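S.K.: My structure is below; once you've seen it, I'll send some questions.
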Amino acid sequence: MSVDLEDAREAEDAAIKAQERFESCNTDDNREAFHLANANLLKACKTEENYWAQKANIKWLASGDASTKYFQSLVKGKRRQASIRELKDHLGKCITTLPLEEEIKAAIWQLNPNSSAGPDGYNGEFFRHFWDIIKADLISATHEYFQGIPIPMAFGSTNITLIPKVEGAREIGDYRPIALSTFFSKMLSRIMANRLGPMLNKIISPEQAGFQKREGIEEHILLTNELMHNLDSKVRGGNVMIKLDMAKAFDKISWNFLQAILQAFGFNEQSICLLLQNLRATYMSVLVNGKPNGFFKIKRGVKQGDPLSPLLFIIGSEGFARSLNHAINSGYISPYKVGKTRVVSHLAFADDLIIFLKGDLRNILRFRHLLDSYLKASGQEVNKKKSRIFCKKGSRGLYTSKLDDTLGFKVGNPPFKYLGSTITQGKLKKTHCDHILHHFDAYINNWYSKELNPMSRLILIKHVLSAIPMHTLAVQDLPKSIIRTIHGKLANFFWGSKQGRNHYHWAKWGTLTRPTGEGGLGIRNLEDIQKASALKLWWKSLTGNSLWARFMKNKYAREGTFEAKIYDSASWKRICRISPIGLQFTTITNQNVC
33 MSVDLEDARE
43 AEDAAIKAQE
53 RFESCNTDDN
63 REAFHLANAN
73 LLKACKTEEN
83 YWAQKANIKW
93 LASGDASTKY
103 FQSLVKGKRR
113 QASIRELKDH
123 LGKCITTLPL
133 EEEIKAAIWQ
143 LNPNSSAGPD
153 GYNGEFFRHF
163 WDIIKADLIS
173 ATHEYFQGIP
183 IPMAFGSTNI
193 TLIPKVEGAR
203 EIGDYRPIAL
213 STFFSKMLSR
223 IMANRLGPML
233 NKIISPEQAG
243 FQKREGIEEH
253 ILLTNELMHN
263 LDSKVRGGNV
273 MIKLDMAKAF
283 DKISWNFLQA
293 ILQAFGFNEQ
303 SICLLLQNLR
313 ATYMSVLVNG
323 KPNGFFKIKR
333 GVKQGDPLSP
343 LLFIIGSEGF
353 ARSLNHAINS
363 GYISPYKVGK
373 TRVVSHLAFA
383 DDLIIFLKGD
393 LRNILRFRHL
403 LDSYLKASGQ
413 EVNKKKSRIF
423 CKKGSRGLYT
433 SKLDDTLGFK
443 VGNPPFKYLG
453 STITQGKLKK
463 THCDHILHHF
473 DAYINNWYSK
483 ELNPMSRLIL
493 IKHVLSAIPM
503 HTLAVQDLPK
513 SIIRTIHGKL
523 ANFFWGSKQG
533 RNHYHWAKWG
543 TLTRPTGEGG
553 LGIRNLEDIQ
563 KASALKLWWK
573 SLTGNSLWAR
583 FMKNKYAREG
593 TFEAKIYDSA
603 SWKRICRISP
613 IGLQFTTITN
623 QNVC
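So the sequence shown is numbered by the numbering used here: it starts at 33 and just counts up by one.
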């Protein structure tokens, strides 16, 4: 198939010029020319899409079942087939083996004994207390489950409690549905999760960080901040970041899609049956003001609050991760550009997704086609009200309106929230930290209404208030004025107040933050915590192998030195400022660090 790849670019330029003429002079001729140019653009994009699809040996299918087969084939990538065969034997043997008494007991003791009971009224405390009496029947019932015997409705029944996500919640979207399953059902899920969890690192892409024993969410936040720093880089076509919010993601994922992905990874039929059997046997009842209202059988989604559900969800999400990486590696979609440094295509933590792409309209249109195929196959749906696309400053209004039309959601402006942190270009400013101060005020104002002695206030400071800024300090430096304000709030709360007037401070704050052995109270000093967090980042950038660590080494490690330039990111400048302290206690010889 012979295709001129410049046709689509020329058609796009012609469409932009036609729209500009039509907007400046609204005549019938310009309107007709505008519609014709857009039709030619769609035709050129479709022709090029077919070309790349054939070149990459991808079969794009429109129907739901066909889309499922498409994503299944992507996960089966040729370079992974050998390892998947080996993984299949290992997975099949591990997951389907009958659990011993020790494994069943360990699963029970891992679950919270005081968590809310399901419809049968029994919580974990009952199973622990009467273990010696019920263990024979419990082991027998567990073995029946692993032998494929259907779960009785009494064990599969689940209550749904609706937890408000916002104040004054009224609409169904304002609530988070949490499953209150029977303890026996949760025990089975815990056994399956214990067996499946250690295998995820072998099959899940490093772009996914949720519910796995690998680097925490901090490095996802750091990498997102790094790429936001390069959003305005002068590259042809520009860069864009797409923040996707999936509507009720856990509740909408298709079981057929999950089954197809599991098959593609090499799980045998017995393993797949065990992993999905608990879901398929579930009958739900919604609690309204604490009372159940009948039972109904579910046909899609995973149960929030169930130990196995998060693992199944990220396995399903791997279909999107593999398809996007495949599209970029094959050249069908162009990646985000940061000089010569290779950039990830996306970052995902459960249902929080950020996509990094080249910003020309053809590229965005191809991404939309891929996203639509995934949504159709998986049953997912994008929340267009909360999703945003971010592009470089000063982008033309015509370009941003085209982005709106192509993706269906608005162009946003940084800063924005991602995984509980503020993503911005440059360092944190005072206005970015208002939510932290509001968090302090909400706690302190509530506690002021109670009679608390100094020891009680000290415990609250150490174990509650001091923990509030830790998540932010792990990834970003707080402004000095914010740290002083927080220290002042903590000191005022510790010494107390009467009738709105703060009591006299009988010791300086620096004295209170000393260790108890040196005459202090052992309260953590946020400036010291900030330095310790920076040292941790310095060490990770030096010795780590995560996506963020590799990116920092490739972009900034100039012959192994820690020197910041004026245009470097805030994270790298933070690392360079703390590096003299780290180097005092570190020996670097060749490639060895000790």
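A virtual CB, placed ideally from N, CA and C, is assigned to each residue, including glycine. Since the structure is predicted, the reported quantities are computational estimates derived from the model, not experimental observations.
Helix, strand or coil for residue 471, going by three-state DSSP, please let me know.
M.R.: helix
S.K.: Examine the ligand HEM and report whether any of its heavy atoms sits within less than 7 Å of the Cβ of residue 439.
M.R.: Because no ligand of any kind appears in the structure shown, any question about the ligand HEM cannot be addressed here.
S.K.: Decide if the segment 254 to 272 is in contact with the segment 364 to 380; the criterion is three or more beta carbon pairs, one per stretch, under 8 Å apart.
M.R.: yes
S.K.: Check residue 304 in the structure and name its three-state DSSP category.
M.R.: helix
S.K.: Which ranges does the alpha helix (DSSP H) cover as unbroken runs of at least 4 residues, wholly within the segment 338 to 371, from first to last along the chain?
M.R.: Secondary structure within the segment 338 to 371: the alpha helix (DSSP H) runs of 4 or more consecutive residues, fully enclosed, are 341 to 361 (chain order).
S.K.: What are the partner residues of residue 534, as DSSP defines its beta bridges?
M.R.: Looking at the DSSP assignment, residue 534 forms a beta bridge with 529.
S.K.: On a Cα-Cα basis, can you pick out the residue from 161, 529 and 193 that is closest to residue 316?
M.R.: 193
S.K.: Do you know offhand how far residue 304's Cα is from residue 291's?
M.R.: When the Cα atoms are used, residue 304 and residue 291 turn out to be separated by approximately 7 Å.
S.K.: The alpha helix (DSSP H) spanning residue 450 covers which residue range?
M.R.: Taken as a continuous stretch (DSSP letters only), residue 450 belongs to no alpha helix (DSSP H), being part of the beta strand (DSSP E) at 448 to 450.
S.K.: If you follow the alpha helix (DSSP H) that residue 423 is part of, which residue opens it and which one closes it?
M.R.: Element bounds for residue 423: not the alpha helix (DSSP H) but the beta strand (DSSP E), 420 to 423.
S.K.: Three-state secondary structure (DSSP) at residue 240?
M.R.: strand
S.K.: If you measure between the beta carbons of residue 218 and residue 339, is that distance less than 8 Å?
M.R.: yes
S.K.: Skipping 5 residues on each side, what residues in its chain have a beta carbon closer than 6 Å to that of residue 154?
M.R.: Leaving aside the five residues that flank residue 154 on each side, the residues in its chain whose CB is nearer than 6 Å to its CB run, in chain order, 215.
S.K.: Going by DSSP, which residues form a beta bridge with residue 209?
M.R.: 194
S.K.: Quick check on residue 190: buried or exposed, where buried means 16 or more other Cβ atoms within 10 Å of its Cβ?
M.R.: buried
S.K.: By a C-beta neighbour count over all protein chains shown, 10 Å radius and 16 as the cutoff for buried, is residue 508 buried or exposed?
M.R.: A residue is called buried once 16 or more other Cβ atoms fall within 10 Å of its Cβ, and residue 508 is buried on that count.
S.K.: Can you confirm whether the segment 274 to 282 touches the segment 412 to 419 when touching is taken to mean that 3 or more C-beta pairs between the two stretches lie within less than 8 Å?
M.R.: yes
S.K.: Sort out for me which residues DSSP pairs residue 214 with in a bridge.
M.R.: Bridge partners of residue 214: none, in fact.
S.K.: What are the residues that DSSP puts in a beta bridge with residue 315?
M.R.: 189 and 329
S.K.: With a cut-off of 8 Å, do at least 3 Cβ pairs link the segment 388 to 404 to the segment 262 to 273?
M.R.: yes
S.K.: What residues in its chain sit with their C-beta under 8 Å from that of residue 593, if we drop five residues either side in the sequence?
M.R.: none
S.K.: Drop a sphere of 10 angstroms on the beta-carbon of residue 92, count the other beta-carbons inside from all chains shown, and report buried for 16 or more, exposed for fewer.
M.R.: Note that residue 92 scores a pLDDT of 41, beneath 50, so its modelled location is shaky and nothing firm can be said.
S.K.: Spatial neighbours of residue 312 within its chain, please: C-beta separation below 8 Å, excluding the five flanking residues on both sides.
M.R.: 287
S.K.: Comparing alpha-carbon positions, which option in 333, 265, 436 and 169 lies nearest residue 372?
M.R.: 265
S.K.: Do you know whose CA, among 68, 222 and 182, lies nearest residue 140's CA?
M.R.: Checking every option, the nearest Cα to that of residue 140 belongs to 222.
S.K.: What is the rounded straight-line gap between the Cα of residue 524 and the Cα of residue 534?
M.R.: 6 Å
S.K.: Cα separation between residue 337 and residue 349?
M.R.: 18 Å
S.K.: If you drop the 5 nearest sequence neighbours on each side, which residues of the same chain put their C-beta closer than 6 Å to that of residue 145?
M.R.: The answer, listed in chain order, is 156, 157 and 160.
S.K.: Within 10 angstroms of the Cβ of residue 616, are there 16 or more other Cβ atoms? Answer buried if so, exposed if not.
M.R.: exposed
S.K.: Within 10 Å of its beta-carbon, does residue 282 have 16 or more other beta-carbons around it, so buried, or fewer, so exposed?
M.R.: By the neighbour-count definition (other C-beta atoms within 10 Å, threshold 16), residue 282 is a buried residue.
S.K.: Suppose you measure from the CA of residue 127 to the CA of residue 462; what does that come to, to the nearest Å?
M.R.: 51 Å
S.K.: With distances taken Cα to Cα, identify the nearest neighbour of residue 284 among 332, 608 and 510.
M.R.: 332
S.K.: Going by C-alpha to C-alpha distance, which of 597, 588, 568 and 602 sits closest to residue 613?
M.R.: Checking every option, the nearest Cα to that of residue 613 belongs to 568.
S.K.: Can you tell which of 603, 582 and 544 has its C-alpha closest to the C-alpha of residue 566?
M.R.: Of the listed residues, the one whose Cα sits closest to residue 566 is 603.
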